[in-house]
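S.K.: Encoded as structure tokens, here's the structure I'll be asking about.
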DNA sequence: TCCTTATTGATAAATTTTACTATTAGCAAT
DNA sequence: ATTGCTAATAGTAAAATTTATCAATAAGGA
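This is how it looks when you write it as structure tokens:
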């Protein structure tokens, strides 16, 4: 009767994403794990990250000029990306995000599942480097 | 002394994106133009859309499960994407978006240039199709 | 332990985007 | 108009990212 099986690969991938604060790409997750599990396949990483995002276990982030990133932190928060160096940070201090979803649902008829916000700018370090 | 040249290709690409409310991908812009300008190259479309986005003439939208989209409407607004059919709509009713950028800039030291928000959900039409 | 089948590893292929280069064409100066 | 400089283009190849395919493996219920 059980459909979803627990595998060593799934457990490692999920724990890696949840332990990281770097919002890794699929390839970065793969790189972090291939020492610990030499036979691991990149396709397995992609397949599982996608499924976990669909199941709501992790968040999938689509970012300009970057492969998709994954975030194991499910608390409501935003992200800030430096256009110069690619630094990708969290921004908390978020107030009442679910209210926005509810408001938009009422106004548009969409059943809103989630939303993602990315701020783009220049990080303090790159600002210091002038130009 | 002039660097940026005005070409027929640039004018057509920009006017196409600005005239469309469909948030077209690069390939869709190319398809819309290849009748009018048979020799047009897809690479030219990509190159110019990227440059125009960098110059702030248009917005570049990174969306999960979709190639990047482009938006000629520079007024502050959000976007809603249907996870089922891919429908991609505008959402206006946005209050005080620049204040958020300013607040985050103060708190993080980033020089915020812009932000993009995409809401994901199920559109009214797909909700009606049950399941 | 056996059986069913979800999952994996390996690879190929699809998709999306960028890079390269000879040629074309915008435009400033003649 | 004509010339000269070079940004921009068309055409193509290639890079980068992601998904599909499939035989072999292994999870877990009977």
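Residue numbers (my numbering), protein chains in the order written: chain Z, 1226 to 1356; chain X, 1226 to 1356.
Glycine is no exception: its CB is placed at the ideal position from the N, C-alpha and C atoms.
Remember, predicted model here, so these are calculated numbers, not experimental data.
#1: Starting from the C-beta of residue 1282(Z), find all residues in its chain whose C-beta is less than 7 Å away, skip the five residues before and the five after it, and write them out in chain order.
#2: Quick check on this structure: which residue in 1310(X), 1284(X), 1242(X) has the alpha carbon closest to the alpha carbon of residue 1339(X)?
#3: Anyone know if the C-beta pair for residue 1306(X) and residue 1351(X) falls short of 8 Å?
#4: Any heavy atom of the ligand MG closer than 7 Å to the beta-carbon of residue 1311(Z)?
#5: Using the Cα positions of residue 1271(Z) and residue 1252(Z), report the straight-line distance between them to the nearest angstrom.
#6: Between the segment 1259-1267 of chain Z and the segment 1313-1320 of chain X, do three or more beta carbon pairs fall short of 8 Å?
#7: With 16 as the cutoff for other CB atoms within 10 Å, does residue 1354(X) come out buried or exposed?
#8: In the segment 1232-1298 of chain Z, which residue ranges form an unbroken beta strand (DSSP E) of at least 3 residues, counting only runs that do not cross its ends?
#9: For residue 1274(Z), collect the residues of the same chain with a Cβ closer than 6 Å to its Cβ; drop the 5 residues on either side in sequence, then sort them by chain order.
#10: In chain Z, which residues lie less than 8 Å from residue 1295(X) when you measure between Cβ atoms?
#11: Any beta-carbon of chain Z closer than 8 Å to the one on residue 1342(X)?
#12: Looking at the secondary structure, which residues open and close the beta strand (DSSP E) in which residue 1306(Z) lies?
#13: Taking 8 Å as the threshold (beta carbon to beta carbon), is residue 1305(Z) in contact with chain X?
#14: Residue 1341(X) lies in the beta strand (DSSP E); which residues open and close that run?
#15: Would residue 1245(X) pass as an interface residue toward chain Z - the criterion being a Cβ-Cβ separation below 8 Å?
#16: Output yes or no for whether 8 Å exceeds the beta carbon distance between residue 1297(Z) and residue 1242(Z).
#17: Using C-beta distances below 8 Å, list every residue in its chain close to residue 1293(X), excluding the 5 sequence neighbours before and after it, in chain order.
#18: So which of 1304(Z), 1325(Z), 1233(Z), 1290(Z) has the shortest CA-CA distance to residue 1247(Z)?
#19: Taking Cβ positions only, does residue 1249(Z) come closer than 8 Å to chain X?
#20: Could you list which residues in chain Z have their beta carbon closer than 8 Å to that of residue 1288(X), in chain order?
M.R.: Well, looking at it:
#1: Counting from 1 along the first chain, the entry for residue 1282(Z) is found at position 57. Setting aside the 5 residues that flank it on each side, residue 1282(Z) is surrounded in the same chain by 1239, each with a C-beta closer than 7 Å to its C-beta; the list follows chain order.
#2: The residue given as residue 1339(X) occupies position 114 in the second chain. Residue 1284(X) is the option with its Cα nearest to residue 1339(X).
#3: As a working mapping, residue 1306(X) is identified with position 81 in the second chain. As a working mapping, residue 1351(X) is identified with position 126 in the second chain. Taking a C-beta distance under 8 Å as the contact criterion, residue 1306(X) and residue 1351(X) do not qualify as a contact pair.
#4: This structure lacks the ligand MG, and indeed carries no ligand of any kind.
#5: For the purposes of this step, residue 1271(Z) is identified with residue 46 of the first chain, where counting begins at 1. For the purposes of this step, residue 1252(Z) is identified with residue 27 of the first chain, where counting begins at 1. The straight-line gap separating the alpha-carbon atoms of residue 1271(Z) and residue 1252(Z) is approximately 8 Å.
#6: Contact between the segment 1259-1267 of chain Z and the segment 1313-1320 of chain X is absent, because fewer than three Cβ pairs lie under 8 Å.
#7: Working through the second chain from its first residue, we reach residue 1354(X) at position 129. It counts as exposed.
#8: 1284-1286, 1294-1296, all fully within the segment 1232-1298 of chain Z.
#9: Locating residue 1274(Z) in the first chain gives position 49, where the first residue counts as 1. Only 1251, 1295 meet the Cβ criterion.
#10: Counting from one through the second chain, the residue named residue 1295(X) turns up at place 70. The contacting residues do not exist; residue 1295(X) stays about 11 Å from chain Z at best.
#11: On the second chain, residue 1342(X) is found 117 positions in, with the first residue counted as 1. Interface residue, yes.
#12: As a working mapping, residue 1306(Z) is identified with position 81 in the first chain. For residue 1306(Z), the uninterrupted beta strand (DSSP E) segment begins and ends at 1303-1307.
#13: Here residue 1305(Z) is taken as the residue at index 80 of the first chain, counted from 1. For residue 1305(Z), the answer is yes, since a Cβ of chain X falls inside 8 Å of its Cβ.
#14: Position 116 of the second chain, counted from the first residue, corresponds to residue 1341(X). Run containing residue 1341(X): 1336-1347, per the beta strand (DSSP E) assignment.
#15: On the second chain, residue 1245(X) is found 20 positions in, with the first residue counted as 1. So no, residue 1245(X) is outside the interface.
#16: On the first chain, position 72 is the one that residue 1297(Z) refers to. On the first chain, position 17 is the one that residue 1242(Z) refers to. Yes.
#17: In the second chain, residue 1293(X) corresponds to position 68, counting from 1. Counting only Cβ-Cβ distances below 8 Å, and skipping sequence neighbours, we find 1250, 1251, 1285, 1286, 1287.
#18: Position 22 of the first chain holds residue 1247(Z). Among 1304(Z), 1325(Z), 1233(Z), 1290(Z), the Cα nearest to that of residue 1247(Z) belongs to 1304(Z).
#19: The residue you call residue 1249(Z) lines up with position 24 of the first chain. Not closer than 8 Å to any Cβ of chain X, the Cβ of residue 1249(Z) fails to qualify, so no.
#20: For the purposes of this step, residue 1288(X) is taken as the residue at position 63 of the second chain. Those within 8 Å of residue 1288(X) in chain Z are 1287.
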